[in-house]
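Colleague:
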Amino acid sequence: MTPMRVLSVASEIFPIIKTGGLADVAGALPLALKAKGIEICSLIPGYPEVLRVLERAEEQPGPVSLFGGDARLLRGRCGEHELFVLDAPHFFARGGNPYLSAEGVDWPDNGKRFAALARMAADIGFGAVPSFLPDIVHAHDWQAALTPAYLNYGHRPRPRTVITVHNLAFQGKFRRSLLEEIGLPLESFTVDGVEYYGDIGFLKAGLRFADMITTVSPTYAVEIQSDEGGMGLGGLLRSRSSDLRGILNGIDAAVWDPATDAHIQCRFDASTLERRAVNKAALQKQFGLKQNPDALLLGVISRLSDQKGLDLLLDCIPTIQMEGIQVVLLGAGDVELEHRFRAAADTHPETIGVVIGFDEILAHHIQAGADALVVPSRFEPCGLTQLCALRYGAVPIVSRVGGLEDTVADLSDDKQGVTGFKFGPVTMQNLAAALCSANAAYRDRRGWREMQLNGMATDVSWDSRASQYSDLYREVLGLPA
Ligand code: ADP
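Laid out in C-alpha cells, this is it:
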C-alpha cells in the first residue's frame, strides 16, 4: 500500500520561526503523522531564519515568477522536518516577526506575500514537483488559506484539501484590487467565492473551498458556529457544519518533558515532584520576588492581547496582594498591557515579576517552577500553555472557553481526576474567585499534589491527536477507516 502523501502549508514552524501556537502545531503535527506512516512535507516561506538552517537544499526545476519578483522552490530538511521552502526574496527576505515590520505594523504587502505561499502550494498540488504529488494539501490559518481557492479555480484534477483554523480572529482581509495582482479570476469575486464584506477574505476563501475544515478543539468548533464566536464567518461555518471537526492540539512531548528538560534547574517527574521546590525558588530569585516557599506562585506565559484576558489579572491585583499570592509573567504584545504589567511589578516588587519579551527558555523555567498557570482568555481556540503546565505539574487556572474547557478538568466535570480550576463567564470577579479557590486549595498540600499528579498523567501528546488527523485524511480521500 502506498502511503498517503500530504503537503502541509504554514507561515511559521517550530523550531525555526514562531510567534505562537500555530508554529508549535505546524512543527509537531507533521512529525507525529510521519510516525504514523504518512509521507508529509511542509511548505514554508523562505525567511532568512529558514534559509539559514535549511540542510541539503535542492532547487526544484523551473524558476517561477511570483507576483512581481523571481522566486525558487527549494526542497531540503531541518532536523527531522522535510521542507519545501519558497525562496521569494521580494516577499520573505526580512528577518524578525514574519508579519510585522520593526515598528510593529503589518507589512503592507502581506496579502501578496501569503497569496504567493498559497499559489506555490497549489502548484505543488497540481504536480510542480513530480516526485511529490500530494493526495492532500493541508493549509493552516489565513496565511495558507487561499490554497484551496487556487486549486478550485485551476479547474483540473486536484488533491483533496483540509484547512485548520488555529484562531478565527486572524482572517487575512485585503482590498479587492489585489484580485488581479494575485492571479485570482474575476469570477472568484462573489459571495460564493473569495469575496468577504467587499474585500478579499483569505480565511473565508479557505473555509469556502476546503474539502474539510478542522479547528483545534471540540468546544471551539461549536463556538465558531455562533454569530459572536464566528467573527463574521459564523454563517459560513454553520453551512459547512458537517465538514467541520474539532481535534485537540497536543504538545511535543520531547520538548516539554520535565524529566529530561535541559533548560530547567532541577529535573523531576511524578515520583520526584518535591524537586519542583528548587525550580520555584530559582524562579522567585530570577524575578526578584520574595523567597517564600509557601506563597502560591502563579505563572503566565502569553501574548499580551485582548484575547488573553490578562487585563482582568491586572484588575485582580488587590485580591492577589490580599491573598499573599505571587505572580511571574512572561509576555509581549499590546504596548499598554506591557506598560501596565511593568508598572504593577514596580509597585509590588516582592510579589509580581514581569519580563516583557519572547523567551523560549524562560517559558520552561516558569512551567517548571510556578505552582499554577493562569490562562484567563476571553476566547481560546485550544491553548498550549495549559497543556505544558499539566505535564509540568503547574496546576492550570483557566477560563471556561474553547480548548481550555476541553483540556482542564475541574470539580464540575464528570471526569476522572481534577486537574485544575475553571471559571466563567470571563470577568474579573470570577477570575478573582478562582484565584482565591486555588489559594485555599494550595493550603491542602496533599490535595494539591493529587491535582498535579492527575495533570501529569493526562495525555497531552500528539500521538493520539495525530491518529485523528490521519483518520480524517482517510475520510477526505474516501478510504476505508
Ligand atoms: P497563541 O497561539 O494564541 O499565542 P497558544 O497557547 O496556543 O497561544 O500558544 C502559545 C505558544 O507560544 C506556547 O508554546 C507558549 O509557550 C508560547 N509563548 C507565548 N508567549 C511567549 C513568550 N512571551 N515567550 C516564550 N514563549 C511564549
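Under the numbering used here, the first residue of the sequence shown is numbered 69, with each subsequent residue one higher.
Glycine included, C-beta positions come from ideal geometry on N, C-alpha and C.
1) Whole angstroms is fine: what's the gap from S76's alpha carbon to P493's?
2) Reducing DSSP to helix, strand and coil, say where T232 ends up.
3) Looking at C-alpha atoms only, which residue of F489, E543, Y537, A534 is the closest neighbour of M519?
4) Below 7 Å CB to CB, which residues in the same chain sit around D295 once its five sequence neighbours on both sides are set aside?
5) Are A412 and I424 closer than 8 Å when you measure CB to CB?
6) Here's a check: name, in chain order, each residue in its chain whose Cβ is nearer than 6 Å to the Cβ of A125, leaving out the five neighbours to either side.
7) Whose CA, out of E127, E428, I465, lies closest to the CA of L151?
8) If distances are taken between C-alpha atoms only, which option among C146, L271, E148, L154 comes closest to G130?
9) Does any heavy atom of ligand 1 sit closer than 7 Å to the C-beta of F409?
10) Does the beta carbon of D325 fall short of 7 Å from some heavy atom of ligand 1?
11) Applying the criterion that 16 or more other CB atoms from any shown protein chain within 10 Å of the CB defines a buried residue, is L252 buried or exposed?
12) Since P464 sits in a beta bridge, which residues does DSSP pair it with?
13) To the nearest whole angstrom, what separates the beta carbons of V403 and D439, a pair I think is in contact under 8 Å?
14) Relative to the C-alpha of G471, which residue among S79, N360, L316 is closest?
15) Helix, strand or coil for T282, going by three-state DSSP, please let me know.
16) From which residue to which residue does the alpha helix (DSSP H) around V544 run?
17) Starting from the N-terminal side, write out each stretch of the beta strand (DSSP E) that is 3 residues or longer and does not extend beyond the region 190-233.
18) How about T453: is its Cβ closer than 7 Å to a heavy atom in ligand 1?
19) Taking the C-alpha atoms as reference points, what is the distance between A350 and H433?
20) Just the C-alpha distance for D174 and G240, rounded to the nearest angstrom, thanks.
21) Is the region 281-301 in contact with the region 217-224, if contact means three or more CB pairs nearer than 8 Å?
22) Okay, do the region 473-488 and the region 518-538 touch, 3+ Cβ pairs below 8 Å being the bar?
Modeller: Taking the coordinates as given:
1) In the sequence shown, residue 76 corresponds to position 8, counting from 1. In the sequence shown, residue 493 corresponds to position 425, counting from 1. One C-alpha to the other measures close to 36 Å.
2) Counted from its first residue, the sequence shown places residue 232 at position 164. Strand, per DSSP.
3) Reading the sequence shown from its first residue, position 451 is the one you call residue 519. Ranking F489, E543, Y537, A534 by Cα distance to M519 puts F489 first.
4) The residue you call residue 295 lines up with position 227 of the sequence shown. The answer, listed in chain order, is G302.
5) Residue numbering aside, residue 412 sits at position 344 when the sequence shown is read from its first letter. Residue numbering aside, residue 424 sits at position 356 when the sequence shown is read from its first letter. Not closer than 8 Å, so no.
6) Indexing the sequence shown from 1 puts residue 125 at position 57. Closer than 6 Å at Cβ, skipping near neighbours: L142, G144.
7) Here residue 151 corresponds to residue number 83 of the sequence shown, with the count starting at 1. Out of E127, E428, I465, E127 has the C-alpha closest to the C-alpha of L151.
8) Sequence index remark: in the sequence shown, residue 130 carries index 62 (1-based). G130 has its Cα closest to that of L154, out of C146, L271, E148, L154.
9) For the purposes of this step, residue 409 is identified with residue 341 of the sequence shown, where counting begins at 1. No; taking the cut-off as 7 Å, the Cβ of F409 has no heavy atom of ligand 1 nearer than that.
10) As a working note, residue 325 is residue 257 in the sequence shown. No, ligand 1 has no heavy atom inside 7 Å of this Cβ.
11) Here residue 252 corresponds to residue number 184 of the sequence shown, with the count starting at 1. Buried, by the Cβ-count rule.
12) In the sequence shown, residue 464 corresponds to position 396, counting from 1. For P464, which the question treats as bridged, DSSP gives the partners L441.
13) As a working mapping, residue 403 is identified with position 335 in the sequence shown. As a working mapping, residue 439 is identified with position 371 in the sequence shown. 30 Å between Cβ atoms; not a contact.
14) Here residue 471 refers to the residue found at position 403 when the sequence shown is read from its first residue. For the residues S79, N360, L316, the minimum Cα distance to G471 belongs to L316.
15) The sequence position of residue 282 within the sequence shown is 214, counting from 1. If DSSP states are grouped into helix, strand and coil, T282 belongs with the strands.
16) Within the sequence shown, numbered from 1, the residue matching residue 544 stands at position 476. V544 -> alpha helix (DSSP H) spans 530-544.
17) 204-208, 228-233
18) Locating residue 453 in the sequence shown gives position 385, where the first residue counts as 1. At least one heavy atom of ligand 1 is nearer than 7 Å to the Cβ of T453, so yes.
19) By 1-based counting over the sequence shown, the position of residue 350 is 282. By 1-based counting over the sequence shown, the position of residue 433 is 365. Going from the Cα of A350 to the Cα of H433 covers about 8 Å.
20) Within the sequence shown, the letter at position 106 stands for residue 174. Within the sequence shown, the letter at position 172 stands for residue 240. Rounded to whole angstroms, D174 to G240 spans 11 Å at the Cα level.
21) no
22) yes
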